[in-house]
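Quick mapping for you: the protein sequence lines, in order, are chains U, Z and W.
Mapping to this note's numbering: the first sequence position 70 is 70, numbers consecutive.
Mapping to this note's numbering: the second sequence position 368 is 368, numbers consecutive.
Mapping to this note's numbering: the third sequence position 18 is 18, numbers consecutive.
Even glycine gets a Cβ: it sits at the ideal position worked out from N, Cα and C.
Okay, structure first, notes after.
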Amino acid sequence: MKPQILTANRLRDGIVVFFTRDGGWSERIDDSRLSDDEASRAEMVAAGERAAAAGTVVGPYLIDAAVSGGHIRADRLRERIRAAGPTAGSEQTLKYV
Amino acid sequence: MYRYDEFDAAFVHQRVEQFRDQVARRLNGSLSEDEFRPLRLMNGLYLQLHAYMLRVAIPYGTLSSRQLRALAEIARRYDKGYGHFTTRQNIQFNWPALADIPDILLALAEVEMHAIQTSGNCIRNVTADAFAGAAADEIEDPRVTCEIIRQWSTLHPEFSFLPRKFKIAVTGAPTDRAAVAVHDIGLKIVRNDAGEIGFEVAVGGGQGRTPMLAKVIRPFLPRRHLLSYLEAILRVYNQLGRRDNLYKSRIKILVHEVGTETLTQMVEDEWALIKDGPVELPAGEQERIGRYFAPPPFANLPAEAPRYEAERHRNEAFAAWTRTNVEAHRQQGYAIVTLSLKPAGGVPGDATAEQMDAIADLADRHSFGEIRVSHHQNLILAHVPRADLPDLWRALVALGLATANIGRVSDIIACPGLDFCSLANARSIPVAQRLSERFRDLDRAHDIGELRLNISGCINACGHHHVGHIGILGVDKKGEEFYQITLGGSSAEDAALGALVGPAFAADQVVDAVETIIETYRAHRRTGERFLDTYRRVGLAPFKESLYATA
Amino acid sequence: MPLLKNGSLVDDPWISVADGEPLPAEGAIIVSLTRWQKERANLIARANGLGVRLAAADHAGAIAADLPLLALIALEFPTFRDGRAYSSARLLRERFGFKGELRAVGNVLRDQLLFMHRCGFDAFEVKDTAAVDEWKQAMSEISVFYQAAADGRATAIQLRQQRRPQS
């Protein structure tokens, strides 16, 4: 089963977050909990729904991801951009995906 | 320019407090996201890829220096130090926190600004010719009409839940710098045979998935009937516009489905029942609002400005800039200056807080404290004495705002694309950056001449690709970014929709493809022909040939 | 469903009758436009109040001639995004002169009450009893109105003209 991680935006400031191995939320994709079975996937989705209902995050959803070189990498470009920030923009500090 | 009186001021402050309460209810959990979304959208607040995005209305693209400084302060204090000017003459902040939004809206209210109706299925911020009140060919300043429409449409109780968003643009000059043909309603101020001022009313233009040019449904509407006629159009649309399919819900589809003639008849029938009713402006109101837009106190300047002429002869860079970025003004001795937000390799439409502050100072010094935003995503100082141009140019060079490329290939319109927007399929900004780098040589750009290159990151067409002389549309092909190219579009008075040239190009081919198109134009052009003229004469074939024949 | 009228929760004396359902022997009833058109003669013969429910797609003009026979019109909001009933409400009040109860039914949200009231609604089927406080807030949080509608509130233009009499 294709590994997946759970992502959302934080309610307070809208920043992209990932559901972590210890059941919290992190801005770093590398902290994500990877799921490759139905049971843990359902668990993550339920945790996401609870966090949305509690007003921690907005719109949690699963995305396809893979581990390469010790890092978690989202499959889709859109999600890689969400994880790493804009590839181009006026914020000088931002780095290329 | 327009100034709030106590009614306007009370209104925007009430709206701030109303939204402060709504944000508090969201943060304390009494509103769910589903309930909150329409409320935040009514205040221009989106949730994008990386963060919230706040779209602030700049009515008809006119700002005072004080307002621009307030935007700079918001960028510094609540965002990452910059803002993005859009094709709808608005400004977007990409990184504000939800909890800060009420304070940002309060800071806006203090300078007579707001974010109302910059989103949602309502009548959006009304746009106008960025050269309003300054253009040499203007019949009347369109901003008077825009301000009347702004007030009438603000929280309109009947038209806040339309089938879809609704955009109105107004031009006061025969040269169309407001893209009226691609708006839900395009108003052109005209004079009839009796010399009276009125409107040519066109309906059903738009871009997106099904681009269409607006159809004229009334060649001359007497000015006093502006609001009753708009109300008639909106009422017909509110009742009959499609609500079953998001992609068919704009008024352009209604016009297309029932036909221009029938739609015209429906509007005229409805109008007959409400004209001269309570919706019309009372006597004197047009004049009262008009007084806010009286010309600034121009000096009696000579036609010739020796300092300016001397600098032009001495300084080729300055001279080149005056050829592209300076336009004739209706008032003798003055000029209209466009500040390019399109430096080579830059993000089209972005300005830093420091640039905004500096522009506000320059506006105070050289242009009666007024700044315009163009739908091409540049800023404009509309009333600059010609003698001031050398000093202004030097200041703009230091700020990186003097790129002499207005109306040239590197003056690119681009939407935020997949770097920021949750609707996008492909990135726009990096393509714009690579193109403006490729064509950074201004001698070459001037040789190519007038060219409108517009880039959208998805079919919603915020980057106006349908009306670019060259349009680029980002698409997603199995997870890869590809770019379709259209040729021959125009948003000006010769409005046209671009035609697809052929199969899409991969991200690493698109810049070369544009260069091939431009070289094909140069090979075929006759003396004096713009890209668009040559395209219209020779058609797609030679471009297809050079793009695909060797592939 | 609680009914909000003139800012208070009131008992709803009206019975809304679905199209297939038999008519109650007595009492004020609300029927659909279709049923009204089909059973008009029978319905007029009843002693009690008559109301007609318009779906969002029904045009107000379809009932205009019968308004003298009706004490209530209910306008449906299938979702809060569907704004057709705002136009119907204004037409009923402003064009056809309807003076009876104009009731909003369906997806009636707190943050739309002011728009509805401005368009001429005076009764609202709401989802819970919190609506009374919400109503008070909705009616008081904005006091400036930019366009004439069916509610008779003074517009900013009128107030400006009173303040600065035109010569």
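Cut-off 8 Å between Cβ atoms - residues of its own chain near residue i, not counting five sequence neighbours on either side
i      : result
V45(U) : L6, P60 and L62
Q92(U) : Interpretation of Q92(U) is limited by its pLDDT of 46, a score under 50 that renders its predicted location unreliable; the figure taken from the coordinates is listed afterwards. Same-chain partners within the cutoff: there are none.
D36(U) : M1, K2, P3 and Q4
Secondary structure of residue i, DSSP reduced to three states
i       : result
M116(W) : helix
A8(U)   : strand
Q509(Z) : coil
A402(Z) : coil
A109(Z) : helix
R218(Z) : strand
K252(Z) : helix
G120(Z) : coil
K478(Z) : coil
T93(U)  : Here the model assigns T93(U) a pLDDT of 37, short of 50, so the residue's position is not dependable and the matter cannot be decided.
L159(W) : helix
S228(Z) : helix
V23(Z)  : helix
G61(Z)  : helix
L33(W)  : helix
I139(Z) : coil
W174(W) : Examination of residue 174(W) is not possible in this model, given that chain W is present from 1 through 167 alone.
K552(Z) : With chain Z running from 1 to 551 in the structure shown, residue 552(Z) is simply not present.
Beta carbon of residue i nearer than 7 Å to that of residue j
i       : j       : result
A499(Z) : G463(Z) : no
V180(Z) : G172(Z) : no
G198(Z) : L221(Z) : yes
A363(Z) : L381(Z) : yes
L54(Z)  : G44(Z)  : yes
E280(Z) : V236(Z) : no
V171(W) : V144(W) : With chain W covering 1 to 167 only, the question about residue 171(W) has no answer from this structure.
E437(Z) : R530(Z) : no
F293(Z) : V144(Z) : yes
G502(Z) : Y548(Z) : yes
C458(Z) : A506(Z) : no
R84(W)  : Q239(Z) : yes
H466(Z) : G489(Z) : yes
K167(Z) : R124(Z) : yes
V384(Z) : A335(Z) : yes
R81(W)  : F19(Z)  : no
V12(Z)  : A107(Z) : no
Cβ neighbour criterion (16 or more within 10 Å) applied to residue i
i       : result
M356(Z) : buried
D79(Z)  : buried
E311(Z) : buried
T129(W) : exposed
Y96(U)  : Because the pLDDT of Y96(U) is 34, which lies under 50, any placement of that residue in the model is unreliable, and the number read from its coordinates should be weighed accordingly. Y96(U) is exposed by the Cβ-count criterion.
P86(U)  : buried
L254(Z) : buried
T210(Z) : exposed
Q37(W)  : exposed
S68(U)  : exposed
G83(Z)  : buried
G97(W)  : exposed
D441(Z) : exposed
M42(Z)  : buried
R526(Z) : exposed
N94(Z)  : buried
K477(Z) : exposed
P59(Z)  : buried
Residues of its chain near residue i, where Cβ-Cβ distance is below 7 Å and the 5 sequence neighbours each way are ignored
i       : result
D419(Z) : R427 and I429
D19(W)  : S32, T34 and R35
Proximal residues to residue i (C-beta, below 6 Å), its chain only, five neighbours per side dropped
i       : result
L213(Z) : A181, G205 and A495
Y2(Z)   : E147 and Y292
L114(W) : A138
If contact means a Cβ-Cβ distance below 7 Å, which residues of the stretch 87 to 121 of chain W contact chain Z? Flagged, chain order: S87, R90, R95, D111, F115, R118 and C119.
Anything in the stretch 422 to 451 of chain Z with a Cβ closer than 7 Å to a Cβ of chain U? List those residues in chain order, please. Residues R427, I429, P430 and Q433.
Could you please tell me which residues of the stretch 267 to 279 of chain Z, in chain order, have their CB closer than 7 Å to any CB of chain W? L273, P278 and V279
Using a Cβ cut-off of 8 Å, which residues of the stretch 101 to 131 of chain Z contact any Cβ in chain W, in chain order? N121
At a CB distance below 9 Å, what residues from the stretch 53 to 73 of chain U approach chain Z? Give them in sequence order. A53, A54, G55, V58 and G59
Between the stretch 32 to 47 of chain Z and chain W, which residues of the former have a C-beta closer than 9 Å to a C-beta of the latter? E35, P38, L39 and M42
Determine which residues of the stretch 354 to 386 of chain Z have a Cβ less than 7 Å from any Cβ of chain W, and write them out in chain order. none
Quick one: which residues of the stretch 141 to 162 of chain W get their C-beta closer than 9 Å to a C-beta of chain Z? List them in chain order. E141, I142, S143, V144, F145, Y146, Q147, A148, A149, A150, D151, T155, A156, I157, Q158, L159, R160 and Q161
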